[in-house]
Every structure is written in C-alpha cells, then in structure tokens.
Amino acid sequence: EVVRIWFFPAASRLTLMLFLLVPSVYMVSKGLRVVALFDGFIYLIMALLALVPLHGIIDGNILFLRPVLQVTIGKLTSGALKSGVSFLGFELLLFFYPEVLGKKRLFLTGAGSIAMATFFYVGAFIAAIALFGPVQPAHLTYPLLEISRTISLPIVERVDLLFGGLWVTAITTTISGFLIGLVKAVETRFHVRNRISLAVISIVTVIASLITGSFAEAEALADMIGIVGLAVGVVFPAVLLPVAWLRKGAIKKWHQSK
C-alpha cells in the first residue's frame, strides 16, 4: 500500500506484489547464506533510516509532547498485548524445544531485535508529535514519510523519495525471512524439495495479497493467521511438552525394569 500510494499509484496490486516478491524469491532460492548477507547489508540502510526520526526529535518542539505525558498508563500500554504476542513466537519456542543449539544466543538476538524495532517506532512517534503537534499525527497515514519531507539536504533534493526507496528495499528482508522460514518448515514437515515448496508458498503469498483490498483487511488477515500460528506454534507444543516428559519417564522406568 505504501509503495502504491507514494511511488506507483497507477500500478495494480499484482504488479506491486511481484515487484516486492520476486527479489525475495530469488534470494531464498540461492540459500540461507545469500539471505543472511543481504540482511547484513540492510543493517547499513537501517542506520540511515534511523536518522529520520532523529531529525524530528532534534528540530521539533519539545513542548508538543506535554499532552502525551498526561495520558494514563493504560492508554500508553494499550498496544502491549500485540507486542507481547509478537514476542511469544520463535523466541519462546526455544524453551519448548530444549535440543536447539545456542538457544540462549538466539533468544538474546531476537529480544535485541524487538527492542531495536520498539525504540525505532517509539522514536518515530515522538518525532511526529514534536514536528506536527499532538493532534496532526493521528491524521497522517505514514508519519515517517511525512517527516522525511521536512528534511532538506544540499545533495539530495527529495529526501522522502530516498527514504521511501531505502525503506522498500528493507522490506525485502522481512519477506525473504518469512519465505525461507516457511520453505524450511514445509520441506522438513512434508519432505518436499526446496524449489517446489518455494514455488507453492510464493503462489499462496500472491493469492493472499490479492484477497485483501486495503491495509486494514491485510492487518485483519494477519491477525487471524497470527492466532492460528500462536495456537499451533506455542499452545499445542506447550500441551504436548508435559506428555513428552511423562512418556520419557515411563520409557526410562520400563528400560530400568528390563
């Protein structure tokens, strides 16, 4: 939706989805190493993107933040549930599958990435209020892009286009990350070849993108899929874990009796 509104307003959803999906599919087809190398390169881009909310905080009016400080704790933490659900994902699964190697390092890395994303979006929220006042950000669809429009550089005439281009490039890391995770899961569960699972998942992704007509519908679909994923990935393993422990103990006692 962002790409269509800001860059290609006349393009169809199918065209835009292919525009975003094809590079990710290509990287995933080359393996995990290529995806990891591209993600490492994106860290440099993310450092540039972080300068956008920093500009708003520095050049904004700090007095605009006074209404925010008067808001109750309940409203400030209203989004904590969704944030908690996002955290109760792969990181928590590391505790349910104790045979995972280096799970402590993986957990710290995942927690650190969530913390970085949280600080980035909180900074963007503060920057939008500091620049546009406490009321205007509620009417801005994409505050970060609006903030980038206020930046003037001697060598870049349209900072918002540069920011948007870098942001769209960074999106491919999310797409490729989900793709390679799904491909490996399908390959392990159903014992199919990598390219076959990648092709099937790519087609399903395109179809899902065409079903939703707006960002709100896409968010609703993502919430439903997230609930199913939470049940399958967290609740179901949590129920099976005590059963596995009991079964392991019973087998151990049987071997001892033999």
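Each residue of the sequence shown is one higher than the last, beginning at 747 in my numbering.
Ideal Cβ positions, reconstructed from N, Cα and C, are used throughout, including at glycine.
Quantities reported herein were computed from a predicted structural model and do not represent experimental measurements.
Would residue i and residue j qualify as a contact pair, given that the criterion is a beta-carbon distance under 8 Å?
{"i": "Val952", "j": "Met763", "result": "yes"}
{"i": "Ile875", "j": "Val814", "result": "yes"}
{"i": "Leu695", "j": "Ile917", "result": "For the chain, the structure presents residues 747 to 1004; residue 695 sits outside this window and is missing."}
{"i": "Thr920", "j": "Phe784", "result": "no"}
{"i": "Thr864", "j": "Leu877", "result": "no"}
{"i": "Val771", "j": "Leu944", "result": "yes"}
{"i": "Ala954", "j": "Leu967", "result": "yes"}
{"i": "Val781", "j": "Ser922", "result": "yes"}
{"i": "Phe924", "j": "Gly879", "result": "no"}
Looking at the structure shown, is residue i part of a helix, part of a strand, or coil, going by DSSP?
{"i": "Glu903", "result": "coil"}
{"i": "Pro983", "result": "helix"}
{"i": "Val798", "result": "helix"}
{"i": "Ser775", "result": "helix"}
{"i": "Val914", "result": "helix"}
{"i": "Leu767", "result": "helix"}
{"i": "Phe924", "result": "helix"}
{"i": "Ser758", "result": "coil"}
{"i": "Thr919", "result": "helix"}
{"i": "Pro880", "result": "coil"}
{"i": "Ser943", "result": "helix"}
{"i": "Tyr867", "result": "helix"}
{"i": "Thr951", "result": "helix"}
Assign residue i to one of two classes, buried (16 or more other C-beta atoms within 10 Å of its C-beta) or exposed (fewer than that).
{"i": "Val905", "result": "buried"}
{"i": "Phe982", "result": "exposed"}
{"i": "Pro883", "result": "buried"}
{"i": "Phe909", "result": "buried"}
{"i": "Val768", "result": "exposed"}
{"i": "Trp913", "result": "buried"}
{"i": "Ile926", "result": "buried"}
{"i": "Gly806", "result": "buried"}
Out of the options, which has the shortest C-alpha to C-alpha gap to residue i?
{"i": "Ile808", "options": "Gly911, Ala873, Trp991", "result": "Ala873"}
{"i": "Val774", "options": "Ala954, Arg851, Ile947, Gly911", "result": "Ile947"}
{"i": "His801", "options": "Thr887, Leu778, Leu891", "result": "Leu891"}
{"i": "Met792", "options": "Leu956, Tyr867, Leu944, Glu963", "result": "Tyr867"}
{"i": "Phe754", "options": "Phe924, Ala796, Gly911, Phe810", "result": "Gly911"}
{"i": "Leu795", "options": "Pro880, Ile949, Ala962, Met862", "result": "Met862"}
{"i": "Ile804", "options": "Gly869, Leu852, Ser758, Arg812", "result": "Gly869"}
{"i": "Arg759", "options": "Arg779, Val985, Ala984, Ala964", "result": "Ala964"}
{"i": "Lys776", "options": "Leu907, Tyr888, Arg941, Val985", "result": "Arg941"}
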